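Input: a single structure, listed below in structure tokens.
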Amino acid sequence: SKVLVSGANGYIAMWVARILLERGYSVRGTARSADKGKSMSDYFASLGYGDKFEAVVVEDIVKEGAFDEAVKGVDAIEHTASPFHTNLKEPDDADFLRPAVQGTVGMLKSALKNGTQVKRVVVTSSCAAVMDPPSKPTVFSENDWNVTSPRLVEEQGSNTAPLTVYRASKTLAEKAAWQFYEDHKNEVEWDLVVINPPFVFGPPIHNITSLKSLNTSLQMWSDMVLSETPKSKEALSGSFAWVDVRDTALGHVLALEKPEAGGQRIITASGPCIWQEWLDAANSLPSSSLPSQPLQKGFPEILQGEKVYLVSYDKSKEQRILGIKFHTQVETAKDTLEEFARRGW
Ligand code: NDP
192 SKVLVSGANG
202 YIAMWVARIL
212 LERGYSVRGT
222 ARSADKGKSM
232 SDYFASLGYG
242 DKFEAVVVED
252 IVKEGAFDEA
262 VKGVDAIEHT
272 ASPFHTNLKE
282 PDDADFLRPA
292 VQGTVGMLKS
302 ALKNGTQVKR
312 VVVTSSCAAV
322 MDPPSKPTVF
332 SENDWNVTSP
342 RLVEEQGSNT
352 APLTVYRASK
362 TLAEKAAWQF
372 YEDHKNEVEW
382 DLVVINPPFV
392 FGPPIHNITS
402 LKSLNTSLQM
412 WSDMVLSETP
422 KSKEALSGSF
432 AWVDVRDTAL
442 GHVLALEKPE
452 AGGQRIITAS
462 GPCIWQEWLD
472 AANSLPSSSL
482 PSQPLQKGFP
492 EILQGEKVYL
502 VSYDKSKEQR
512 ILGIKFHTQV
522 ETAKDTLEEF
532 ARRGW
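One gets our numbering by counting positions in the sequence shown from 1 and adding 191 to each.
See below:
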């Protein structure tokens, strides 16, 4: 069967498309330009999937009916396209909220209109839609919603910090998806699954040319682990939750395959972590795995004594429905750094 992947040239979506192809699906991937489409097609042809992967251009996902053609003839949809960056001076609706929310609703509208074969739609949300960073250690689950970021955007308008706008965009987009489904569920043959990943790390297969052009989450990882200037003890004590890109991508595919996933919001988190753990993991690797940059040692003493993780997730729903076997931190660090080295970085 054939699956539509939106924003297929992105970090996570390239892995979603690759795992779909490896499991025998055909994939139609959207990108914003023909060049980006070609680089995806070239990559998948190089893996032997030339006849199974088709690139289409969707220039502006905010435009009414943007996905009307793309959904025709597909059996399922993985909607991942959404802005994720923090390099804005004055974030506004056009940068974040519109592509996130209208892009998502637009995909569902197109599926309602022309997705006559579609059985399931998976939307990539985020743990940003689940929680706002707490001040004391907290375990979150699918029952939690980030209500803080949308409120801050409303109060602070164009003065809102870019990361807060991003977090709000994911919350509002996911809410809009569930609302759309609720309003139209009697008119469609498909159901909805939402995947909520925390920070995503792991080897990139998308078309990027240097460490400076990485996607946002991997950029943060590489800035910490391969930093040119030593990071402070405070920065390296930072605690959050993470997942390997291959595991969350597999989660997107399993979300299509598992009947019980229908109607569910599912967090795909490997576990909690502290930045220093990533430095320790990287420093434990043989030098043959490492790119040319020197690794920082950081402050290993941060991890002495009882570790306190600020953000953790209840994995029971994910384990019950998807049952992902997650990569370890050392595996993810090794595969990421080997990929950086392979690219000559
Ligand atoms: P990337 O930046 O690598 O991919 C984002 C994709 O969305 C690209 O295809 C990009 O296209 C497209 N996109 C971005 N802005 C727009 C826009 N305004 N209009 C149309 N398309 C757009 O990031 P990720 O792979 O990390 O993100 C993919 C999804 O995963 C997003 O929904 C993100 O919110 C979500 N996510 C990511 C996490 C992470 O840690 N990486 C964690 C949780 C959720 P182009 O290349 O042309 O810019």
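All C-beta atoms in this analysis are idealised placements derived from N, C-alpha and C, irrespective of residue type, glycine included.
Computed from a predicted model, the values in this text were never measured in an experiment.
Open item on the list: Taking its Cβ as the centre, do 16 or more other Cβ atoms sit within 10 Å of residue 355, making it buried, or is it exposed?
Closed with: Walking along the sequence shown from the start, residue 355 turns up at place 164. Burial call: buried.
TODO: Tell me whether residue 537 sits in a helix, a strand or coil according to DSSP, three-state version.
DONE: The structure shown does not extend to residue 537, since the chain spans only 192 to 536, so no value can be given for it.
Task: Reduced DSSP category for residue 269 - H, G, I as helix; E, B as strand; rest coil - done: Residue 269 sits at position 78 when you count from the first residue of the sequence shown. Residue state, collapsed to three classes: strand.
TODO: Please go through the segment 214–255 and give each complete beta strand (DSSP E) segment of 3 or more residues, from N-terminal end onward.
DONE: Counting only runs of 3 or more, we get 217–222, 244–248.
Open item on the list: Taking the beta carbon of residue 498 as the centre, do at least 16 other beta carbons fall within 10 Å, making it buried, or is it exposed?
Closed with: Against the sequence shown, residue 498 aligns to sequence position 307. Result: exposed.
Open item on the list: Under 8 Å, with one C-beta from each stretch per pair, do the segment 485–495 and the segment 434–444 reach the 3-pair mark?
Closed with: Short answer: they don't touch.
- [ ] With DSSP collapsed to three states, give me the class of residue 315.
- [x] Position 124 of the sequence shown, counting from 1, holds the residue named residue 315. Assigned with DSSP and collapsed to three states, residue 315 falls in strand.
Open item on the list: Can you check which of these residues, 321, 269, 224, is closest to residue 152 by C-alpha distance?
Closed with: Beyond the ends of the chain as shown, which are 192 and 536, falls residue 152; an answer cannot be given.
Open item on the list: According to DSSP, residue 383 sits in a beta bridge with which residue or residues?
Closed with: Stepping through the sequence shown from its first residue, residue 383 is reached at position 192. Paired residue(s): 312.
TODO: Could you tell me whether the segment 522–529 touches the segment 392–401, using the rule of 3 or more Cβ pairs below 8 Å?
DONE: Touching, yes.
Open item on the list: For a quick check, are the C-beta atoms of residue 517 and residue 438 less than 7 Å apart?
Closed with: Looking up residue 517 in the sequence shown gives position 326. Looking up residue 438 in the sequence shown gives position 247. Yes. Within cutoff.
Task: Which of helix, strand or coil DSSP assigns to residue 533 - done: Here residue 533 corresponds to residue number 342 of the sequence shown, with the count starting at 1. Collapsing the DSSP output to three states places residue 533 in a helix.
Open item on the list: On a Cα-Cα basis, can you pick out the residue from 476, 371, 201 that is closest to residue 557?
Closed with: Any answer about residue 557 is impossible in this case: the structure gives the chain only from 192 up to 536.
Task: Boundaries (first-last residue) of the beta strand (DSSP E) holding residue 504 - done: Here residue 504 refers to the residue found at position 313 of the sequence shown. Its beta strand (DSSP E) spans residues 502–504.
Task: Residue range of the unbroken beta strand (DSSP E) whose run includes residue 430 - done: On the sequence shown, residue 430 is found 239 positions in, with the first residue counted as 1. Where residue 430 is concerned, the enclosing beta strand (DSSP E) stretches over 430–435.
Task: Complete alpha helix (DSSP H) runs within the segment 465–491 (minimum length 4 residues, chain order) - done: Counting only runs of 4 or more, we get 466–474.
Open item on the list: Do residue 434 and residue 473 have their beta-carbon atoms positioned less than 7 Å apart in this structure?
Closed with: The residue you call residue 473 lines up with position 282 of the sequence shown. The residue you call residue 434 lines up with position 243 of the sequence shown. It is not a contact, given that the beta carbons lie outside the stated cut-off.
Open item on the list: Can you tell me whether residue 450 is helix, strand or coil according to DSSP?
Closed with: Sequence index remark: in the sequence shown, residue 450 carries index 259 (1-based). It is helical.
Open item on the list: residue 431 and residue 338 - do their beta-carbons sit closer together than 7 Å?
Closed with: For the purposes of this step, residue 338 is taken as residue 147 along the sequence shown, with counting starting at 1. For the purposes of this step, residue 431 is taken as residue 240 along the sequence shown, with counting starting at 1. No.
Task: Contact under 7 Å by Cβ, residue 310 with residue 266 - done: Numbered from 1 along the sequence shown, position 119 holds the residue referred to as residue 310. Numbered from 1 along the sequence shown, position 75 holds the residue referred to as residue 266. Taking a C-beta distance under 7 Å as the contact criterion, residue 310 and residue 266 qualify as a contact pair.
Task: residue 321 - DSSP class collapsed to helix/strand/coil - done: On the sequence shown, residue 321 is found 130 positions in, with the first residue counted as 1. Residue 321 falls in the coil class under three-state DSSP.
Task: residue 200 Cβ short of 6 Å to ligand 1 heavy atom set - done: Counted from its first residue, the sequence shown places residue 200 at position 9. Indeed, a heavy atom of ligand 1 lies less than 6 Å from the Cβ.
Task: residue 317 beta carbon near ligand 1 (any heavy atom closer than 6 Å) - done: Start at 1 with the first residue of the sequence shown, and residue 317 comes out as number 126. Yes.
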